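Everything below concerns the one structure shown next.
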Amino acid sequence: MKDKSAWQLASTRRRGQTQKPTRKERRDARKAAKEERRAERQLIRKKIQAILSTPSPHLMTLRSSCAHVDSQNSQTSLKTTQVSHVDTSSLPALSTTEPVVRASSTVPPGYSFVPKGDPYMTRNCRKRTQQAHQVVYAVVDDKKTQIGIRVPLPIHTAVLESAKATRDHRELLTKKRDEDIEERFRMAILKQFPRMPPEEIRKIIRHTTKKGKGRVGRTGKLDLAVKAYLATHAHTRHTKTDYDGLLKTGTDRKAARSRTIRSVFGVLDEWGLVTKRRQAKKAGKQIPTKSTQKTKDGATISMPTDITKRVRA
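Numbering (the working numbering), first residue to last: 128 to 440.
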């Protein structure tokens with residue numbers, strides 16, 4: 128017969144009735160459970176120490192536990208594989224594990240540094256290194272900000288040659304893509320502000336679609352119509368009101384926006400701001416006073432519906 132725990136013994140039927148365990152029995156049961164959990168933690172800790180106990184030939188050694196199938200006896204055993212800078216054949220295909228090293232550390236033999244800033248170089252160097260079952264090292268500065276990667280020198284050289292050979296074609300594709308973005312942005316602005324002057328549209332597009340600045344025109348989280356409205360609203364606030372002057376004099380940002388909001392909507396009204404309420408009036412329909420626009424990530428942005436009410440408030 129199997130041994131019963133203290134809690135089970137305390138809960139057994141006595142004289143045909145279920146008796147509640149005494150205080151001592153409950154204390155003994157908790158103590159036994161605590162000792163059992165402590166033993167499990169010690170066993171797990173010993174297993175981890177056994178895996179990591181093998182000395183590393185290099186400071187930045189990647190350890191990976193994998194199932195090794197013996198071809199002779201077909202028995203599976205768990206072992207620790209040390210991956211050095213040169214011999215990395217034990218890595219799985221397209222491994223995305225990237226050890227982090229400082230820029231001041233010694234460059235591994237046969238490796239080269241790829242600075243951050245060129246998406247084509249970074250993307251292809253990383254992809255080819257992973258396909259070759261080699262390790263990609265993420266390089267960080269003293270502030271732990273990534274400044275590039277380290278990849279094998281032959282791969283870096285091959286990607287450099289490929290970049291030179293395809294530069295003209297890639298620049299042409301980029302130019303066409305940027306022109307398409309600007310044209311679609313222009314049409315989205317004109318759809319909401321049909322009377323906006325062409326020079327104002329060019330200024331908005333030039334500013335909001337600038338690369339690498341975190342501008343709203345380059346984000347992928349908002350619909351095109353929302354981006355066009357937000358960009359036009361911000362452009363009007365900064366160029367057609369005294370918003371920047373108020374900020375320079377120490378006015379709070381929220382207060383400055385509140386003081387200039389009527390002027391902003393006055394300019395937008397002159398540019399023919401199209402709202403759902405105005406569209407409904409033309410069609411002879413009635414719509415709710417509130418209008419919201421959902422972004423791709425689920426966020427909700429309020430859009431103006433009754434411009435006259437907001438300007439005269």
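Even for Gly, the Cβ is constructed at its ideal location relative to N, Cα and C.
If you're wondering where the values come from, they're calculated on a predicted model, not measured in any experiment.
Tell me where the beta strand (DSSP E) around residue i begins and ends.
i	result
Val234	Segment: none, Val234 is in no beta strand (DSSP E) and carries neither H nor E.
Phe240	238-242
Ala441	With the chain covering only 128 through 440, there is no way to say anything about residue 441.
Gln273	273-279
Output needed for residue i: all residues of its chain with C-beta closer than 7 angstroms, excluding positions within five of it in sequence on either side, in chain order.
i	result
Leu357	Val343
Ile332	Glu309, Phe312, Arg313
Leu280	Gly237, Tyr238, Ser239
Thr335	Arg342, Val343, Gly344, Ala358
Lys151	none
Ser201	Only weak support exists for where Ser201 lies, its pLDDT of 38 falling under 50; the value from the coordinates is given anyway. Around Ser201: no qualifying Cβ.
Val394	Thr363, Lys367
Do residue i and the ligand MN come close, with the Cβ less than 7 angstroms from some heavy atom?
i	result
Val401	Although the ligand MN was asked about, the structure shown includes no ligands whatsoever.
Taking the alpha helix (DSSP H) that residue i falls in, what are its first and last residues?
i	result
Pro246	246-258
Leu400	Taken as a continuous stretch (DSSP letters only), Leu400 belongs to no alpha helix (DSSP H), as it is neither H nor E.
Leu350	Per the sequence presented here, residue 350 reads as Asp, with Leu not at that position. Asp350 -> no alpha helix (DSSP H), and no H or E assigned at all.
Asp379	No alpha helix (DSSP H) holds Asp379; DSSP gives it neither H nor E.
Given that a residue counts as buried once 16 or more other Cβ atoms are within 10 Å of its Cβ, and exposed if not, what is residue i?
i	result
Arg229	exposed
His283	buried
Val227	exposed
Lys354	buried
Thr376	exposed
His296	exposed
Gln199	Here the model assigns Gln199 a pLDDT of 40, short of 50, so the residue's position is not dependable and the matter cannot be decided.
Thr256	buried
Using a Cβ-Cβ cut-off of 8 angstroms (strictly less than) and excluding sequence neighbours within five positions of residue i, which residues of its own chain qualify?
i	result
Ile328	Arg313, Ile316, Leu317
Thr234	The amino acid occupying residue 234 in the given sequence is Val; Thr does not appear at that position. Phe240, Arg277.
Leu351	Arg311, Phe312, Ala315
Thr346	Lys354
Lys338	Arg345
Please go through the same chain and pick out, in chain order, the residues whose beta-carbon is closer than 6 angstroms to the beta-carbon of residue i, but skip the five residues on each side of it.
i	result
Pro219	Caution is warranted here: a pLDDT of 42 is assigned to Pro219, below 50, making its placement in the model unreliable, and no coordinate value can be reported.
Thr370	Here the sequence assigns Tyr to residue 370, which means Thr is not the residue at that position. Excluding residues within five positions, the ones whose Cβ falls inside 6 angstroms are Arg364, Ala383, Thr387.
Met481	A question about residue 481 goes unanswered here, because the residues of the chain that appear run from 128 up to 440.
Three or more beta-carbon pairs under 8 angstroms between the region 228-245 and the region 263-283, yes or no?
yes
Give a yes or no on contact between the region 261-270 and the region 301-317, applying the rule of three or more CB pairs nearer than 8 angstroms.
no
If we require 4 or more residues per run, which alpha helix (DSSP H) segments fall completely within the region 271-345?
280-319, 325-335
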